[in-house]
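Participant: To convert, count from 1 in the sequence shown and add 5; that's this note's numbering.
Backbone N, C-alpha and C fix where the C-beta goes; we use that ideal spot for every residue, glycine too.
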Amino acid sequence: MLVGAMCLVGLVNTASEPGDQNVWFAYSVLAVLGCAAVTWMFNVRRVRPGGVDLIAAAMFGWYVIACFAGGAVVWEKLLEVCLFVPLYVSLRVLLSSHRNLGGWLLVVLCVCGIVEATMGIEQAFGARHSGHSLFNVTGTFFNPGPYGGYLAIIVSIALGYIAQRYTDADRMFGGFRNIRDIRLRRVLWALAFCVAACAVIAIVIIFPATMSRAAFIAVGAAVIAIVLGDGRIYGPVVDYVRRHGKKGIAIGIVTLLVVCGGLYGIYAMKKDSADGRLLMWKMAVGVMVDNPATGVGPGYFRGAYGDEQAEYFSTGDRSDTEIHVAGSPEYGFNEYLQIGAETGIPGLVLFVFLAVAALWRLFRGRSPYAFGLLALLVFAFFSYPFSLLPMKMLFVVLLAVAGSLLSSRRGATVVQRLVAGAVIAGSVGMAAWAAKPYLDRVEATREWQATSRWYSMEMYSYVLEDYPAMMPIMGDNATFLFEYGRSLHMEGRYAESLEIMNRATRLSNDPMNWNVIGNNYKALGEYDLAAEAYLKAYYTVPNRMYPLYLLGKMYSEIGDREQAAHYARQVVEMIPKVPSPATADMQREMQEVLNNLEF
Numbered sequence: 006m007l008v009g010a011m012c013l014v015g016l017v018n019t020a021s022e023p024g025d026q027n028v029w030f031a032y033s034v035l036a037v038l039g040c041a042a043v044t045w046m047f048n049v050r051r052v053r054p055g056g057v058d059l060i061a062a063a064m065f066g067w068y069v070i071a072c073f074a075g076g077a078v079v080w081e082k083l084l085e086v087c088l089f090v091p092l093y094v095s096l097r098v099l100l101s102s103h104r105n106l107g108g109w110l111l112v113v114l115c116v117c118g119i120v121e122a123t124m125g126i127e128q129a130f131g132a133r134h135s136g137h138s139l140f141n142v143t144g145t146f147f148n149p150g151p152y153g154g155y156l157a158i159i160v161s162i163a164l165g166y167i168a169q170r171y172t173d174a175d176r177m178f179g180g181f182r183n184i185r186d187i188r189l190r191r192v193l194w195a196l197a198f199c200v201a202a203c204a205v206i207a208i209v210i211i212f213p214a215t216m217s218r219a220a221f222i223a224v225g226a227a228v229i230a231i232v233l234g235d236g237r238i239y240g241p242v243v244d245y246v247r248r249h250g251k252k253g254i255a256i257g258i259v260t261l262l263v264v265c266g267g268l269y270g271i272y273a274m275k276k277d278s279a280d281g282r283l284l285m286w287k288m289a290v291g292v293m294v295d296n297p298a299t300g301v302g303p304g305y306f307r308g309a310y311g312d313e314q315a316e317y318f319s320t321g322d323r324s325d326t327e328i329h330v331a332g333s334p335e336y337g338f339n340e341y342l343q344i345g346a347e348t349g350i351p352g353l354v355l356f357v358f359l360a361v362a363a364l365w366r367l368f369r370g371r372s373p374y375a376f377g378l379l380a381l382l383v384f385a386f387f388s389y390p391f392s393l394l395p396m397k398m399l400f401v402v403l404l405a406v407a408g409s410l411l412s413s414r415r416g417a418t419v420v421q422r423l424v425a426g427a428v429i430a431g432s433v434g435m436a437a438w439a440a441k442p443y444l445d446r447v448e449a450t451r452e453w454q455a456t457s458r459w460y461s462m463e464m465y466s467y468v469l470e471d472y473p474a475m476m477p478i479m480g481d482n483a484t485f486l487f488e489y490g491r492s493l494h495m496e497g498r499y500a501e502s503l504e505i506m507n508r509a510t511r512l513s514n515d516p517m518n519w520n521v522i523g524n525n526y527k528a529l530g531e532y533d534l535a536a537e538a539y540l541k542a543y544y545t546v547p548n549r550m551y552p553l554y555l556l557g558k559m560y561s562e563i564g565d566r567e568q569a570a571h572y573a574r575q576v577v578e579m580i581p582k583v584p585s586p587a588t589a590d591m592q593r594e595m596q597e598v599l600n601n602l603e604f
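1) If Ala219 and Ser388 are in contact, beta carbons under 8 Å, what's the gap, nearest whole angstrom?
2) List the whole-angstrom C-beta distance separating Phe384 from Ala157, where the pair is believed to meet the contact cut-off of C-beta under 8 Å.
3) Within the same chain, show all residues whose beta-carbon is closer than 6 Å to that of Ser502, passing over the 5 residues directly before and after it, in chain order.
4) Can you give the Cα-Cα distance for Ser278 and His329, rounded to whole angstroms?
5) Taking 7 Å as the cut-off, decide whether the C-beta atoms of His134 and Asn148 are in contact.
6) Starting from Tyr4, trace the alpha helix (DSSP H) in both directions and tell me its first and last residue.
7) Does DSSP put Ile580 in a helix, in a strand, or in coil?
8) Just list the alpha helix (DSSP H) runs in the stretch 301 to 348, keeping only unbroken ones of 4 residues or longer that don't cross its boundaries, in chain order.
9) Classify Ile429 as buried or exposed, calling it buried when 16 or more other Cβ atoms lie within 10 Å of its own Cβ.
10) Please confirm whether Asn141 and Ala132 have their CB atoms less than 7 Å apart.
11) For Ala587, is the classification buried or exposed, using 16 other Cβ atoms within 10 angstroms of its Cβ as the cut-off for buried?
12) Which one of Lys287, Gly281, Tyr317 and Gly337 has the shortest CA to CA distance from Phe306?
13) Should Tyr171 go down as buried or exposed, given a rule of 16 or more other Cβ atoms within 10 Å for buried?
14) Within its chain, find whatever has a CB closer than 6 Å to the CB of Cys87; leave out the 5 residues flanking it on each side and keep chain order.
15) What is the rounded straight-line gap between the Cα of Ala309 and the Cα of Ile206?
16) Based on Cα-Cα distance, which residue from Ile210, Tyr460, Gly480 and Pro395 lies nearest to Asn507?
17) Could you tell me the alpha carbon to alpha carbon distance between Ala542 and His103, rounded to whole angstroms?
18) Express the C-alpha separation of Met11 and Val232 in angstroms, rounding to a whole number.
19) Just the Cα atoms here: how many angstroms apart are Ala589 and Val577?
20) Return the first residue and the last residue of the alpha helix (DSSP H) that Val86 is part of.
21) Between Lys397, Phe368, Gly370 and Arg369, which lies nearest to Leu381 when the distance is taken from Cα to Cα?
22) Check Thr19 in the structure and name its three-state DSSP category.
23) Please state whether the Cβ-Cβ distance between Leu404 and Ala375 is less than 7 Å.
24) If you count every other CB in all the chains shown that lies within 10 Å of the CB of Pro151, and 16 or more means buried, which is it?
25) Using three-state DSSP, classify Ala566 as helix, strand or coil.
26) Counting pairs of beta carbons, one from the stretch 278 to 298 and one from the stretch 338 to 348, are three or more of them closer than 8 Å?
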């Protein structure tokens, strides 16, 4: 029951900052770890390490090295991983010792899918508020993209289970005609089959409304794998092609054209978004190439991305398309490249080996979870599932299922029991070390969000009364640092603001950080450094007008007519990506500067 309750963390509202979902996660890890410890003492049957376990351990070790290699650790990332390790160990022990737990998990995940799909349907009809003001359907997520990805994983598992069991449905359900033939195992099997079928139906109803192209591709990959893995489905197709060669080839060509057309339609559906992701991938590759050994460190991807994009646009003429789609994304929209950028090429290689080993084990074991893991890995190529707690938990669950399929049929030896006990003891120690500071961060985040109202009300002196005490815990949160640094600037404490804002630029690619740094240097009379900061802000996202406006305004104030005219003209001639009253005011003011300079 505790393992099932752990999976319900996906039904707690997912937020960009730690909250109730993280509290549920931490306590569920401790509870499941307690179950695993009791199981080790009284009921360990078949637990032995395999390839998935060894690669997962190596991946964790390298992740820790990458965290400390950069000198400054983003503790939120490290503490969370130190809770996922005990979760993985606990599930490995429980899944190996209780053979029916995998089926129970499948039922729970399908129930989660049904609940999420029902929420989406209610949102589509206006009976429930969505998690985003711009989208009608988000489930418990803050965006329809990850919502679609979550549904894609669940429906892939459910479809895989139904595809493997549908031929037994007549025999199993037929047994209910005679009450004497009813057995508990048959009832449980029928329940699992019906829940899986209901999950597929509910998800199919709302899935198109998510408009998540990555989720569509993920489900498509899972469906193809289901078809290719079932000889009862593709066998007749192969026989038909063999008997009708030319007609079969023609059908194959038409099918290929339809698939290609569908992929192009997915691309054209949100062309700017697709072009933007290509640019993101290019920048992520650049970050990884620049830091091949240990990467930039977990948590520092955004800052490194901003530096890479600023250098890219400042070192040559770039296409109008790239300039138009450039932005400051919070995620890399490709987990493989982001993992490579944060942990280096060795970290990427270990992750790929881990994913392949788990997939291989699940497919060899004919587990329906294989299709869910495949959907998750495909989705990860286009989105950011490993930046969201429910998706990361699903990944750990699928890895644990894959590792458990290797378990021996014989009882555990004394040595294996001792090894398992040592690993569980280490996991207990790790969880005890990580849980309290992890929960403390949740509480600190809540305190910051309550105090942040002073910042939104522009009462900066009140902000500076509370924020310094939060700095030891919240010092690796980019939004907190921006609010703190800008408040220092607004109160005239420019040198202190520079220290905080420079720290923020390592964690964030938001060009506003550099704008505030430029304002600080300007206030201190360091105009050359201010110009460098404003230009860094501009090249980070070259379709934004504000940094050029600040440059034009600064040079106008210090009397540099040539530079003032240069940047004022750029502002006036720029076509805003998103026209607004603010951009119109900036262009109007720069036009006045040009008029005063008689240009």
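Facilitator: For this structure:
1) Confirmed, about 4 Å.
2) Confirmed, Cβ separation roughly 6 Å.
3) Cβ-Cβ distances below 6 Å link Ser502 to Gly490, Leu493, His494 and Asn525 in the same chain, with the five nearest sequence neighbours on each side left out; the list follows chain order.
4) Computed Cα separation, rounded: 11 Å.
5) Contact: no.
6) Nothing about residue 4 can be read from this structure; the chain reaches only from 6 to 604.
7) In the three-state reduction of the DSSP assignment, Ile580 falls in the coil class, being assigned neither a helical nor a strand state.
8) As far as the stretch 301 to 348 is concerned, its whole alpha helix (DSSP H) runs of at least 4 residues are 306 to 319 and 325 to 330.
9) The residue is buried, with at least 16 neighbouring Cβ atoms inside 10 Å.
10) No. Outside cutoff.
11) Of the other Cβ atoms in all chains shown, fewer than 16 fall within 10 Å of the Cβ of Ala587; this residue is therefore exposed.
12) Of the candidates Lys287, Gly281, Tyr317 and Gly337, the one whose C-alpha sits nearest the C-alpha of Phe306 is Gly337.
13) So Tyr171 ends up on the exposed side.
14) Correct list, in chain order: Met435 and Ala439.
15) Straight-line Cα distance between these residues: approximately 43 Å.
16) When each option's Cα is compared against that of Asn507, the closest is Gly480.
17) Approximately 56 Å, taken between the alpha carbons.
18) Put simply, the backbone Cα of Val232 is about 32 Å away from that of Met11.
19) Answer to the nearest angstrom: the Cα atoms are 9 Å apart.
20) For Val86, the enclosing alpha helix (DSSP H) stretches over residues Trp80 to Ser102.
21) Each of Lys397, Phe368, Gly370 and Arg369 was checked against the Cα of Leu381, and the nearest Cα belongs to Lys397.
22) In the structure shown, the three-state DSSP call for Thr19 is coil.
23) Their beta carbons are not under 7 Å apart, which means Leu404 does not touch Ala375 by this criterion.
24) The residue is buried, with at least 16 neighbouring Cβ atoms inside 10 Å.
25) Just to set this straight, residue 566 is Arg in the shown sequence, not Ala. Of the three classes helix, strand and coil, the one that applies to Arg566 here is helix, per DSSP.
26) Between the stretch 278 to 298 and the stretch 338 to 348, the count of C-beta pairs closer than 8 Å reaches three or more; the two stretches touch.
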